[in-house]
Amino acid sequence: MSANASHQAGKQVRLAPVIIAMLAAFAMLKIAGLWVSFSGAAAQDASEISTASMQAPAPVVPPISSPTSQKLFEQLAARQRQLDAREAALDTREKLLAAAEIKLDADFEKLRAERADISSREQDRAAALNQDYAALSSAYERMKARDAARIFNVLDEDILVRVAAGMRTQALAGVLAQMEPKRATMLTKALANEAPKPGVSAQ
586 MSANASHQAG
596 KQVRLAPVII
606 AMLAAFAMLK
616 IAGLWVSFSG
626 AAAQDASEIS
636 TASMQAPAPV
646 VPPISSPTSQ
656 KLFEQLAARQ
666 RQLDAREAAL
676 DTREKLLAAA
686 EIKLDADFEK
696 LRAERADISS
706 REQDRAAALN
716 QDYAALSSAY
726 ERMKARDAAR
736 IFNVLDEDIL
746 VRVAAGMRTQ
756 ALAGVLAQME
766 PKRATMLTKA
776 LANEAPKPGV
786 SAQ
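Under our numbering, the first residue of the sequence shown carries the number 586, and numbering increases by one thereafter.
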């Protein structure tokens with residue numbers, strides 16, 4: 586009887602460490618489960634807080650209504666109005682200058698056309714006058730030298746020189762011989778001055 590009791594007691598002593606180890610392991614598993622559960626809950630709470638903060642509207646900043654800021658706003662508005670007025674004035678001035686430039690160009694073109702017309706008329710007049718003098722020169726060439734000389738003695742000097750310059754040399758020589766010596770000398774000098782100088786081409 587004592588041998589069985591001793592055997593049972595020894596068996597219980599050997600099982601005690603195993604039971605203690607199992608209880609310790611179970612306790613550790615329990616603690617680990619609680620930690621995982623707590624960590625998950627904490628992470629979920631943090632995620633919900635972050636999402637809520639992202640979805641929350643931005644705080645409304647109340648408008649500045651101090652006297653200093655109001656005065657600053659008024660100064661900025663006045664400055665902007667001045668800039669707008671200056672820009673409008675510059676735009677108007679630019680348009681006026683453009684219109685004046687267009688008018689000036691038109692006036693210049695008109696003046697140039699008028700000058701060209703005047704020049705053309707002067708050329709036509711000079712050509713017609715040359716034709717008239719050429720006709721007079723031809724008429725005096727056909728006259729008798731004595732009759733032509735009598736007219737040349739009283740003819741205006743400018744007209745006389747131009748008419749005589751258009752006559753043939755032989756016909757003019759006969760008229761000069763019949764003219765008064767003083768008038769003949771004057772006409773000869775005038776024709777010499779009208780003649781091209783040696784070595785200088787007539788313009």
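Just so it is clear, CB atoms sit at the ideal spot from N, CA and C, and this is done for glycine as well. All values reported here derive from a predicted model rather than from experimental measurement.
- With 16 or more other Cβ atoms from the protein chains shown falling within 10 Å of its own Cβ, L772 counts as buried.
- With contacts defined as CB atoms closer than 7 Å, A724 and Q763 fail to qualify as a contacting pair.
- Residue range 742-750 is occupied by the alpha helix (DSSP H) that includes V748.
- The region 676-693 makes no contact with the region 714-722: fewer than 3 CB pairs, one atom from each, lie closer than 8 Å.
- In chain order, L757, L772, L776 place their CB closer than 7 Å to the CB of A749, counting only its own chain and leaving out the 5 sequence neighbours on each side.
- For R700 and Q708, the gap between their C-alpha atoms comes out near 12 Å.
- Judged by beta-carbon spacing, M752 lies within the 7 Å limit of E726, meaning their Cβ atoms are closer than that value.
- Distance from the CA atom of E686 to the CA atom of K680, rounded to whole angstroms, is 10 Å.
- Of the other Cβ atoms in all chains shown, fewer than 16 fall within 10 Å of the Cβ of F658; this residue is therefore exposed.
- Distance from the CA of R710 to the CA of I703, rounded to the nearest whole angstrom, comes to 10 Å.
- Counting the other Cβ atoms within 10 Å of the Cβ of L696 gives fewer than 16, which makes it exposed.
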